[in-house]
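Asks: Quick one: the structure is below, and I'll ask about it shortly.
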């Protein structure tokens, strides 16, 4: 059962497609072009935790394992060692160039 889809004549369709540079797709949805309401279930491979028993979510959530970064070389030890950094010049901030007032 194919219904006639509302569109312009075939000659005007070819002109429209030429001017668009592609094939035009209608924004209106027709029953023949829609997916079924009961698609087949996906066939996904098993994940890394599918065979574990008592596999709680909080135990396998990677976001819970994130901790604040550790300080490898604390600043207090750097001061005790006597190392000094050379004085840096103050950075002068840049300003934009001439403004163009268009109105």
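Residue numbers (the UniProt record's numbering): 1 to 103. Built from N, CA and C at the ideal position, the CB exists for glycine as well.
From residue 44 to residue 37, what does the alpha carbon distance come to, in whole angstroms?
Replies: Cα-Cα distance, rounded: 20 Å.
Asks: Quick check: what's the CA-CA separation for residue 95 versus residue 89?
Replies: Their Cα atoms are separated by approximately 18 Å.
Asks: Since residue 10 is in the alpha helix (DSSP H), which residue starts that stretch and which ends it?
Replies: 10 to 20 is the span of the alpha helix (DSSP H), which, as asked, contains residue 10.
Asks: Okay, do the stretch 23 to 39 and the stretch 5 to 12 touch, 3+ Cβ pairs below 8 Å being the bar?
Replies: The stretch 23 to 39, when compared against the stretch 5 to 12, does touch it at the 8 Å Cβ threshold.
Asks: What is the DSSP secondary structure of residue 32, counted as helix, strand or coil?
Replies: Helix, per DSSP.
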